[in-house]
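Numbering (the UniProt record's numbering), first residue to last: 1 to 79.
Note that CB positions come from ideal geometry on N, CA and C, so glycine has one too.
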């Protein structure tokens, strides 16, 4: 199962970590390079830098083949 998580803050990173441990295919998306770099290398996830509300970013993340998309950002416009 492929899961895209928009937002690499505390909640997004914790979700990515748990889902990765459960062997889901995880993709994390954030507009901040600093936030992307904060995702530990121990988490098996594809990291995408971009705006989570952008169609091109979502396509880069594989939204067309995703089973679930979770938005956990502090930016209301990104949800």
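Verify whether the separation of the beta carbon atoms of residue 41 and residue 8 is less than 8 Å.
no
For residue 33 versus residue 49, is the C-beta spacing smaller than 8 Å?
Yes.
C-beta neighbour in chain C for residue 6, strict 8 Å
The displayed structure is made up of one protein chain only, and chain C is not part of it.
What residues in its chain sit with their C-beta under 8 Å from that of residue 74, if we drop five residues either side in the sequence?
7 and 9
Rounded C-alpha distance that separates residue 53 from residue 4
Going from the Cα of residue 53 to the Cα of residue 4 covers about 12 Å.
Distance between residue 28 and residue 36 (C-alpha atoms, nearest Å)
8 Å
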